[in-house]
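Just below is one structure, and these are the notes that go with it.
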Amino acid sequence: MAFQVGSRIRPELNNPDFSGFARAAEIQASAIANLGRQIGEGIEKYQQNKEVTLAGLASLEGQAAADPTLVSALKNAGGDVGKAYARIESGNYNQRDVLTTTGFASAYNQQQQNMRASQLENLKIQSAQSEQQQKEKSQSAFDMALMASREAETGKVDTGALAAAYFDQGGRDPNDLKIIESMQKIEGPNIEVLDIGGFKVVTQDGRYMTAARDGEAPSPAALQTLEGELDQLERARKVYNEGDEIAANDILAVLGLYKDILGNPKPASEVFGPPKNNGDGSDNGSGDNSSGLDDAVLNNQATTDNLPTPEEIEAFNQAFLKPNP
861 MAFQVGSRIR
871 PELNNPDFSG
881 FARAAEIQAS
891 AIANLGRQIG
901 EGIEKYQQNK
911 EVTLAGLASL
921 EGQAAADPTL
931 VSALKNAGGD
941 VGKAYARIES
951 GNYNQRDVLT
961 TTGFASAYNQ
971 QQQNMRASQL
981 ENLKIQSAQS
991 EQQQKEKSQS
1001 AFDMALMASR
1011 EAETGKVDTG
1021 ALAAAYFDQG
1031 GRDPNDLKII
1041 ESMQKIEGPN
1051 IEVLDIGGFK
1061 VVTQDGRYMT
1071 AARDGEAPSP
1081 AALQTLEGEL
1091 DQLERARKVY
1101 NEGDEIAAND
1111 ILAVLGLYKD
1121 ILGNPKPASE
1131 VFGPPKNNGD
1141 GSDNGSGDNS
1151 SGLDDAVLNN
1161 QATTDNLPTP
1171 EEIEAFNQAF
1181 LKPNP
C-alpha cells in the first residue's frame, strides 16, 4: 500500500493499550481482598462474640450457684432483664441477653454483699454495746458489793458476802471474779480496789497486793507501772494530809484515777476525805495516827459515781451479812 508523501500517520497508534484492563483487574483483586478480609474479620468477631456469650453464661451459672436467690431475682426483675433471662432459659438468646443478665447479676451480688457487710457490722456494734453494758453492770455490782460486804466494826471485807452480793447484782466479769478470789487470801482491813490502766488493782494500806486484767496477772513491766502509779497516789495522800491540797490535786489530776461524772478529776478532799492531821503531826483529836476504820472507809471510795445509797447498803447488810432471825 502506498502512502502519500507528507502524511501524518502516528506509528504508536499501531500499539494496543491494555492499561484499562490492568486497572480493572487490580480493582477487582482489591475488592476480592477486601471481601476476604471482611469475611475473616466477621468470622473472628463472631468467634469473639461466641466466646463472650459462653463466658457470660458460665459466669451467670456460677453466680447463681453461689447465691440461689439470684435466679428468683432475675425472674422477678421484669423489664429487659426479666425478658432476657426468659430467653436464656428457653435457649433462644443472643449476646445482648447474656450481657443484660450478667450485668444485673453483678449488681445484685454487690448489693447482697453490701447488705451482709452492713448486717455484720451491726452485729459487731450490738455485741460491743452489750459487752460494754455488761462491763458497766459488773463494775457497778462490784462497787456496791464491796461497800456492802465491809464489816462496819473492823473494816474487813467479808469475801463470801462480797461474792454473793456481786452475783446477786448481775456481776459476771471474769476479771472481777479473779480479784474476789485473790481477796479471799488477804486478811485485815483497809483494802482498796482501783482501776489503773485497764487493771483492777487491790491494795491494802496503800500497798500493792494483786491485780488482774482480762483474768491475767500483770507482766513485770506492767507491774512496775502499777506500783509507780500507787506510789504517786500515796504521795498525793501524804501531801494532802500535810496540808498541801493543791499539790495533792495536781498529782491526782495527772494520775486520772478518780473522775466525776463529767470526766473531770476529783479533788483530794473527795478522794481522801478529811486530812488525817494538821500538818504538825497532830491527828485532829483522834488520839493516834494509826490506820483505822477511817482509812478503811476512805480507802474504799469507788472510782466511779455509781455509789449505793445508805438504804441499798443496809439492804445488802441484811441480805448477806446479818443472819436471819
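In the working numbering, the protein residues as written are 861 to 1185.
By construction, the Cβ of each residue, glycine as well, lies at the ideal position given by its N, Cα and C atoms.
Residues near residue i by beta carbon distance below 7 Å, same chain, minus five either side
i, result
"Glu-1087", "Tyr-1068"
"Gln-1161", "Because the pLDDT at Gln-1161 is just 45, under 50, the model does not fix this residue reliably, and the value given afterwards should be weighed accordingly. If we look at Gln-1161 and ignore the five residues flanking it on each side, its Cβ neighbours are Val-1131."
"Leu-959", "Gly-916"
"Ile-1111", "Gln-1092, Arg-1095 and Ala-1096"
"Asp-1104", "none"
Residue of the options minimising C-alpha distance to residue i
i, options, result
"Gln-970", "Ser-1009, Phe-1002, Asp-927 and Gln-989", "Asp-927"
"Glu-921", "Ser-966, Ser-998, Asn-936 and Asn-952", "Ser-966"
"Gly-939", "Thr-1085, Phe-964, Lys-1045 and Ser-998", "Phe-964"
"Glu-1076", "Ser-919, Leu-1037, Arg-956 and Lys-935", "Leu-1037"
"Ala-1001", "Asp-1028, Asp-1018 and Ala-1012", "Asp-1028"
"Ala-1096", "Tyr-1118, Gln-1084, Val-931 and Ala-1081", "Tyr-1118"
"Glu-996", "Leu-1093, Gln-986, Asp-1033 and Leu-1122", "Asp-1033"
"Asn-954", "Ser-919, Leu-914, Gln-979 and Ile-985", "Leu-914"
"Leu-1054", "Ala-1021, Ala-1023 and Asp-1003", "Asp-1003"
"Ile-1051", "Gly-1015, Leu-1022, Phe-1059 and Ala-1024", "Gly-1015"
"Gln-923", "Asn-952, Ala-946, Arg-956 and Gln-972", "Gln-972"
Closer than 7 Å: residue i CB and nearest the ligand ZN heavy atom
i, result
"Lys-997", "This structure lacks the ligand ZN, and indeed carries no ligand of any kind."
Beta-carbon gap between residue i and residue j smaller than 8 Å
i, j, result
"Ala-944", "Thr-961", "yes"
"Arg-1073", "Asn-1124", "no"
Cα-Cα separation between residue i and residue j, rounded to whole angstroms
i, j, result
"Gly-1030", "Ala-1005", "11 Å"
"Val-1099", "Leu-1090", "14 Å"
"Ala-1128", "Asn-1109", "5 Å"
"Gly-934", "Leu-917", "Contrary to the premise, residue 934 reads as Leu rather than Gly in this sequence. About 14 Å."
"Ser-1042", "Val-1061", "11 Å"
"Ala-1113", "Ala-1082", "21 Å"
"Gln-994", "Glu-1013", "33 Å"
"Gln-986", "Ser-950", "47 Å"
"Gly-988", "Ala-937", "It should be noted that the sequence gives Ala, not Gly, for residue 988. Rounded to the nearest angstrom, the two C-alpha atoms are 38 Å apart."
"Ile-948", "Val-941", "11 Å"
Nearest-angstrom beta carbon gap, residue j and residue i [assumed within contact, 8 Å]
i, j, result
"Thr-1019", "Ile-1040", "6 Å"
"Gly-1066", "Glu-1047", "That pair is no contact at about 16 Å."
Sequence-distant residues of the same chain with beta carbon closer than 6 Å to residue i, five excluded per side
i, result
"Gln-1044", "Thr-1019"
Other residues of its chain near residue i: CB distance less than 8 Å, five sequence neighbours each side excluded
i, result
"Gly-1116", "Pro-1125"
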